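Just below is one structure, and these are the notes that go with it.
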Amino acid sequence: MESRLDFVSEDIENEKEYEFEKSFKQMISTLPKRKSWGNREDFYQYQGFWLHPTFLKGVVSAQQRFQAQPTDTILCSIPKTGSTWLKSLVFAILTRTSFDDSTTPLLSKFPHEFVPFIELSHADLPTYPDMGIPVLATHVPYSSLPTSIIDSGCKLVYICRNPKDSFVSLYHFNSTILTSQNAQPPGLDEAFELFCEGVSIYGPYWDHVLGYWKASLEHPNKILFLKYEEMKHDTISYVKKLADFIGYSFSSEEQQKEVPEKIVKMCSFENLSNLEVNKREEMYMGMIQHKMYFRKGKVGDWKNCLTSEMAQRLDQITHQKLSGSGLSL
Ligand code: PAP
1 MESRLDFVSE DIENEKEYEF EKSFKQMIST LPKRKSWGNR EDFYQYQGFW LHPTFLKGVV
61 SAQQRFQAQP TDTILCSIPK TGSTWLKSLV FAILTRTSFD DSTTPLLSKF PHEFVPFIEL
121 SHADLPTYPD MGIPVLATHV PYSSLPTSII DSGCKLVYIC RNPKDSFVSL YHFNSTILTS
181 QNAQPPGLDE AFELFCEGVS IYGPYWDHVL GYWKASLEHP NKILFLKYEE MKHDTISYVK
241 KLADFIGYSF SSEEQQKEVP EKIVKMCSFE NLSNLEVNKR EEMYMGMIQH KMYFRKGKVG
301 DWKNCLTSEM AQRLDQITHQ KLSGSGLSL
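Given below as structure tokens:
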């Protein structure tokens, strides 16, 4: 039954929500705007990065209200660089004493349900209950993270991926979503041009990566910087590194029992993409089918999509943007 106090706090909440909506509308009307990929919703440039209004609202809301805890681990990435994989690995590492590879909830639940995105939980979207593990995710650029993430001393893990495969993955993902909504996806050339100009979701791609890269050099104990390609090449070493970083190192007994190897196998693209739950057309956050998160999971798939001129152009931009940073992609 509703108490009087609930009424009062509900009123205050509604009032706060109303004020937030009002100031958000006012703020967004002042931002630079561009047509996004496929003309569905415009992109707005907020603090140097391009976002759709729904995500932007979540980012602003999270900046104002999200309270990180010192014990949290936040998994960070720009879209399509490996967050589904990273979430699965971290979930399996953290829950390995409660479950094994025949009982893990990864067998029956979509990986994104274990680790919600901060800015989506703070947007006008259905939220998912967290699974009681101290892990959250975000696509927010380092410079725009809610201050509590920086101040709390919590740990960040950033995953990046070479820009050619990231672009191709994003292009296919975006086209599949638009087609499923009977909207016209952009042609490859159009999307490529926008990506090169930096106009892509949470882009410019290079600025996103560089923000976390520089922060990881400054705070190596707080930020672990991972590359998709290196993780694919030697997943077992990186799973051990991840476990060490988040304070859940594997014991020698666990190593003898090949627990890291089992986690790697469980979270492999081949295994996860073939699970019934991940093949479903069921929607994540009411927007995207589970199966859309599992396409090929390969390094170098760009060769099947980009011309050599396109590849050269992206390489050139990457070289220019990253020059002097010590990072190569
Ligand atoms: P998100 O940013 O929307 O969360 P994210 O998971 O970061 O997406 O990226 C999706 C890419 O990771 C897809 O790449 P592709 O389009 O080149 O195939 C997807 O296939 C790949 N992926 C998903 N799960 C795994 C996994 N377990 N191992 C390796 N790659 C994976």
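Residue 1 is where the sequence shown starts when you use the UniProt record's numbering, and the numbers rise one by one after that. All residues carry an ideal CB built from backbone N, CA and C; glycine is no exception. Model, not experiment: these values are computed from the prediction.
Taking all protein chains shown into account, decide if residue i is buried (16 or more other Cβ within 10 angstroms of its Cβ) or exposed.
i, result
"S61", "buried"
"S323", "exposed"
"E10", "exposed"
"G58", "buried"
"K22", "exposed"
"A243", "buried"
"T318", "buried"
"P32", "exposed"
"G38", "buried"
"P220", "exposed"
"D151", "exposed"
"E119", "buried"
"I74", "buried"
"residue 334", "Because the chain is modelled from 1 through 329, residue 334 falls outside the range shown and cannot be assessed."
"N162", "buried"
"L217", "exposed"
"I263", "buried"
"G326", "exposed"
Specify the secondary structure class of residue i as computed by DSSP and reduced to three states.
i, result
"I288", "strand"
"F49", "strand"
"F20", "helix"
"K35", "strand"
"Y44", "strand"
"S325", "coil"
"V59", "helix"
"V135", "strand"
"S249", "coil"
"V264", "helix"
"P220", "coil"
"residue 356", "Within the shown structure, residues of the chain are numbered from 1 to 329, placing residue 356 beyond reach of any answer."
"V232", "According to the sequence shown, residue 232 is Lys rather than Val. K232 falls in the helix class under three-state DSSP."
Beta-carbon within less than 6 Å of residue i's beta-carbon, same chain only, minus the 5 sequence neighbours each way: which residues are those?
i, result
"P134", "T71, D72"
"S252", "none"
"Y293", "T84"
"S175", "P185"
"L314", "P163, K164"
"P146", "A62, Q63, F66"
"L156", "I74, C76, I223"
Starting from residue i and walking both ways along the alpha helix (DSSP H), at which residues does that stretch end?
i, result
"K321", "308–322"
"K241", "235–245"
"L275", "Here L275 belongs to no alpha helix (DSSP H), and DSSP marks it neither H nor E."
"E281", "Per DSSP, E281 belongs to no alpha helix (DSSP H) and is neither H nor E."
"S268", "Looking at the DSSP string, S268 is not in any alpha helix (DSSP H), and its letter there is neither H nor E."
"S252", "252–256"
"I118", "118–121"
Please list, in chain order, all residues of the same chain as residue i whose beta carbon is under 7 Å from its beta carbon, the five residues on each side excluded.
i, result
"R40", "L178, A183"
"K240", "F250, P260"
"H290", "F110, V277, N278, R280, E282, Y284"
"V199", "R34, F43, W50"
Along the beta strand (DSSP E) that carries residue i, what are the first and last residues, could you check?
i, result
"G227", "Before going on, a small fix: residue 227 reads as Lys here, not Gly. 223–227 is the span of the beta strand (DSSP E), which, as asked, contains K227."
Task: Any beta strand (DSSP E) of 3 or more consecutive residues that is wholly inside the region 139–211 - done: 155–160
TODO: Report the residue ranges of all alpha helix (DSSP H) runs contained in full by the region 62–101; include only those spanning at least 4 residues, in chain order.
DONE: 83–94
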